[in-house]
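S.K.: In my numbering, the protein residues as written are 11 to 139.
Where a beta carbon is used, it is the ideal one built from N, C-alpha and C, also for glycine.
Submitted below is the structure of interest, expressed as structure tokens.
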């Protein structure tokens with residue numbers, strides 16, 4: 011009785027690395043890459059999880075690391091000298107500083123009162139360290 015006449019295919023490490031590199035391209039779909047290499051997408055997902063091949067770091071991780079260390083210029087209004095009385099609250103004092111941080115699929119929005127811009131600058135310096 012012949013149960014399974016087909017032999018299981020074995021793929022070289024180079025071939026797996028080529029498939030995983032194609033999956034790491036920006037905008038690449040695992041299903042489309044698998045189809046182009048005549049593979050089942052479940053097999054490619056297993057390779058991406060590290061079963062069956064040594065994991066290949068995605069190309070976007072180095073891009074995120076490089077962009078995270080860039081300097082962000084922030085312009086602040088000058089602080090009044092300490093001897094001067096505090097200015098009256100005006101429409102400009104009720105403005106807000108809005109910061110938006112994005113890393114991959116995660117985004118954080120921070121709203122800070124413009125009247126406390128110096129405190130925002132100190133906080134931002136600590137966050138970006």
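By a C-beta neighbour count over all protein chains shown, 10 Å radius and 16 as the cutoff for buried, is residue 58 buried or exposed?
M.R.: Start at 1 with the first residue of the chain shown, and residue 58 comes out as number 48. With 16 or more Cβ atoms within 10 Å of its Cβ, residue 58 is classed as buried.
S.K.: Given a cut-off of 9 angstroms on the beta-carbon distance, is the pair residue 51 and residue 38 in contact?
M.R.: For this step, residue 51 is matched to residue 41 along the chain shown. For this step, residue 38 is matched to residue 28 along the chain shown. No; because the gap between Cβ atoms is not below 9 angstroms, this pair is not in contact.
S.K.: What is the DSSP secondary structure of residue 16, counted as helix, strand or coil?
M.R.: Locating residue 16 in the chain shown gives position 6, where the first residue counts as 1. Coil.
S.K.: Can you give me the start and stop residues for the beta strand (DSSP E) that residue 111 sits inside?
M.R.: Counted from its first residue, the chain shown places residue 111 at position 101. Note, residue 111: beta strand (DSSP E), 106-113.
S.K.: Across which residues does DSSP place residue 122 in a beta bridge pair?
M.R.: For the purposes of this step, residue 122 is identified with residue 112 of the chain shown, where counting begins at 1. Its beta-bridge partners are 107.
S.K.: Under 9 angstroms, do residue 138 and residue 120 count as touching if we go by C-beta distance?
M.R.: As a first step, residue 138 is located in the chain shown; it is residue number 128 there, counting from the start. As a first step, residue 120 is located in the chain shown; it is residue number 110 there, counting from the start. No. Outside cutoff.
S.K.: Looking at residue 123 and residue 136, is the spacing between their C-beta atoms short of 9 angstroms?
M.R.: By 1-based counting over the chain shown, the position of residue 136 is 126. By 1-based counting over the chain shown, the position of residue 123 is 113. Not in contact: residue 136 and residue 123 (Cβ atoms no closer than 9 angstroms).
S.K.: To the nearest angstrom, how far is it from the Cα of residue 26 to the Cα of residue 16?
M.R.: Here the question's residue 26 lines up with position 16 in the chain shown. Here the question's residue 16 lines up with position 6 in the chain shown. Taking the straight line joining both Cα atoms gives about 21 angstroms.
S.K.: Over what stretch of residues does the alpha helix (DSSP H) that includes residue 53 continue unbroken?
M.R.: Position 43 of the chain shown, counted from the first residue, corresponds to residue 53. From DSSP, the alpha helix (DSSP H) with residue 53 extends over 51-58.
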